[in-house]
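Numbering (our numbering), first residue to last: 282 to 887. The beta carbon of each residue, even a glycine, is placed where N, CA and C say it ideally should be. Computed from a predicted model, the values in this text were never measured in an experiment.
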Ligand code: AGP
């Protein structure tokens, strides 16, 4: 996590570095810092808290220097305070780092014995001292090469040298890093997003590589220090999409944008002329696939879990779902006939990337469902299905969740058809239903007022539960995740049928419990489970869909009714009030909605 920026220019860089850091805050926001080189000295300013605070510091406002590096931090080693904030500098070298150095304790011991003095509790500081140590006897290329070889773990680095007024070094292993090219200046950034306002010409570093960023050119090296050539990519410019318009928070906008983002996804994938799904370039023979494994983290994992229900319903494939951080270290039985699908909004999540890497190294078929098409995960996968929902800024994932579900649903339909598990007429009917979905989401967004009122009760609660069965179970998990990450209220998502096997003991008088009970196959069973929690004092918020018959149940505290559609698509609609519930609970508590405490948008450490 953490964001890195570096600029080597022929004009003052501090203000541009600060602006870029603001864009990078989605990667971490517990502390920030900047270092520039001027008149042969490294100037460093750091602060705990946000970039705004750094910007207001008079030292930053008067900071000189035409070359510099900046950082926003998401703490791994050491408290989020100004001492542990990056850059970390010796007299000769200044370093910003994203990732974790796993052998920092050992390296620190070695360096302390050599007389190096440490100021912070971070793992990063060993990098500063290692480079400083090697520079005593070796040139820059060899010092960097030697330092990188002794580091275990993951890193993206930006390095500034006191004696090199025209050099920023970038290096990557495991954490993303990009180089950007401008007129008379060049840049380093932890992703293309940070660089987009300055350039659309980008080169991504691959694992093991490092680069020398000079004002007028960039040199790339492999891990042996041999010069290599790299491609320059041109990115499309979509700056306007980052605006939150009249909304108070990106999250509120991103929730309300969902009818549009779904429409975009549908436009890309539905072939109206042929009544088909536009996945014609599927790179494998359909009969070579007999099972599928879906892998992701957090919300992306929930969309994988959702997809399991659809794949089982619509295809005869064996389906398994995995949390990336578990998958990557388990003794997996890799199967040639298995398709591995990696789901990630950012496309940079370290655990998901590592799981993909593992599958690739074992010669498996890999496909990714991502939002950021230039991301590391997209670039590494054999086949990419973009979700086309536009930049998502709010740390809590909303429109990307619906986008991921849409693509996974579409993929399950396509594979069902190709495998002849699904009849063409049913397939065509389901395509029609998909086309109606944006409109139904739009109407379901009108539950807003009711949810606003209901959210007050959640705010006063010690804890809450989200229950669902079948298609609604993954949505219950997602609803609970949204509430806890935004409003810091303890929330458990559970399969409704599991309550009596333990969690029922948590229910006490007045506890808010959300029950997802759409009119599907599970409806009656879920309503019985709902009565069991009501009988133990729970205040039940029932979320169901429109139907001709009224809910046949008593003592329900509140009911929210979403639109109706075919059973497969109800999860999309059930998600909307849960996103709003989390949003309004956090709003009423006055929390930072787009940047919840302790979290970051892109989780590039494991
Ligand atoms: C969701 O609201 C989260 N903030 C988080 O769980 C997120 O979905 C997870 O970190 C995975 O991110 P990715 O989709 O970018 O891989």
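Are residue 579 and residue 668 closer than 8 Å when you measure CB to CB? For residue 579 and residue 668, no; Cβs fall outside 8 Å.
Same chain only: Cβ atoms within 6 Å of residue 563, ignoring 5 sequence neighbours per side: No residues qualify anywhere along the chain.
Quick check: what's the CA-CA separation for residue 627 versus residue 651? Approximately 7 Å between the Cα atoms of the pair.
Can the beta-carbon of residue 316 be found closer than 8 Å to that of residue 323? Contact: yes.
What number of angstroms, rounded off, separates the C-alpha of residue 342 from the C-alpha of residue 296? Going by the C-alpha atoms only, they are around 8 Å apart.
So, is residue 710 buried or exposed, given that buried needs 16 or more other C-beta atoms within 10 angstroms? Exposed: under 16 other Cβ atoms inside 10 Å.
For ligand 1, I want to know if residue 577 counts as a neighbour, meaning its beta carbon is within less than 7 Å of at least one of the ligand's heavy atoms. Residue 577 Cβ: within cutoff of ligand 1.
Evaluate the contact criterion for the stretch 565 to 576 versus the stretch 599 to 611: three or more CB pairs, one atom per stretch, below 8 Å. Yes, they touch.
For residue 307 versus residue 883, is the C-beta distance shorter than 8 Å? Yes. Within cutoff.
Residue range of the alpha helix (DSSP H) that residue 500 falls in? Annotation: residue 500 is outside any alpha helix (DSSP H); the continuous beta strand (DSSP E) that includes it extends over 499 to 502.
Under the three-state reduction of DSSP, which class applies to residue 570: helix, strand or coil? Residue state, collapsed to three classes: coil.
List in chain order: all unbroken alpha helix (DSSP H) runs of 4+ residues lying wholly within the stretch 443 to 478. As far as the stretch 443 to 478 is concerned, its whole alpha helix (DSSP H) runs of at least 4 residues are 473 to 476.
In its own chain, which residues sit with a C-beta less than 8 Å from the C-beta of residue 520, not counting the 5 before and 5 after it? In this prediction, residue 520 has a pLDDT of 46, which is less than 50 and means its spatial position is unreliable; what the coordinates show is noted afterwards. Contacts found: 477, 478.
Would residue 858 pass as a contact of residue 837 if the rule is Cβ separation under 8 Å? No.
How would you call residue 387, buried or exposed, if buried means at least 16 neighbouring beta carbons within 10 angstroms? Classification for residue 387: exposed.
Can the beta-carbon of residue 449 be found less than 8 Å from the beta-carbon of residue 289? Contact flag set, yes.
First and last residue of the beta strand (DSSP E) that includes residue 773? Per DSSP, the unbroken beta strand (DSSP E) holding residue 773 starts and ends at 771 to 776.
In whole angstroms, what is the alpha-carbon distance linking residue 431 and residue 720? One C-alpha to the other measures close to 56 Å.
Given 7 Å as the limit, tell me if residue 539 has its C-beta closer than that to any heavy atom belonging to ligand 1. Distances from the CB of residue 539 to the heavy atoms of ligand 1 are all 7 Å or more.
Return the Cβ separation of residue 604 and residue 582 in integer angstroms, given the expectation that the two are a contact with Cβ distance under 8 Å. Right, the Cβ-Cβ distance comes to about 5 Å (below 8 Å), so this counts as a contact.
Which whole runs of the beta strand (DSSP E) in the stretch 331 to 391 are 3 residues long or more, in chain order? With a minimum length of 3 residues, the continuous beta strand (DSSP E) runs that stay inside the stretch 331 to 391 are 348 to 354, 374 to 382.
Please say whether residue 539 and residue 680 have beta carbons closer to each other than 8 Å? In this structure, the beta-carbon distance from residue 680 to residue 539 falls below 8 Å.
By the 10 Å Cβ neighbour count, where 16 or more other Cβ atoms means buried, how is residue 423 classified, buried or exposed? Taking every protein chain shown into account, the CB of residue 423 has fewer than 16 other CB atoms within 10 angstroms, so this residue is exposed.
Can you tell me whether residue 637 sits near ligand 1, meaning its C-beta is under 7 Å from at least one heavy atom of the ligand? Answer for residue 637: no, Cβ out of range of ligand 1.
Are residue 845 and residue 828 closer than 8 Å when you measure CB to CB? Less than 8 Å divides the Cβ of residue 845 from the Cβ of residue 828.
Where residue 403 and residue 350 are concerned, what is the direct C-alpha to C-alpha distance, given to the nearest angstrom? Straight-line Cα distance between these residues: approximately 18 Å.
I want to know whether the stretch 379 to 399 touches the stretch 334 to 341 - three or more CB-CB distances under 8 Å. Segments in contact, no.
Using the DSSP secondary-structure output, state which residues sit across from residue 484 in a beta bridge. Residue pairing by DSSP puts residue 484 in a beta bridge opposite 460.
Ligand 2 heavy atom lying under 7 Å from the CB of residue 884: By its list of ligands, the structure shown excludes ligand 2, since it contains just ligand 1.
So if DSSP puts residue 645 in a beta bridge, which residue, or which two residues, is it bridged to? According to DSSP, which records beta bridges pairwise, residue 645 is partnered with nothing at all.
Could you tell me which of 533, 429, 435 sits nearest to residue 864, measuring between CA atoms? When the alpha-carbon of residue 864 is set against those of 533, 429, 435, the nearest one is in 533.
In the DSSP output, what is residue 840 paired with across the bridge? The partner list for residue 840 (beta bridge, DSSP) reads 823.
Burial state of residue 644, where buried means 16 or more other Cβ atoms lie within 10 Å: By the 10 Å Cβ count, residue 644 comes out exposed.
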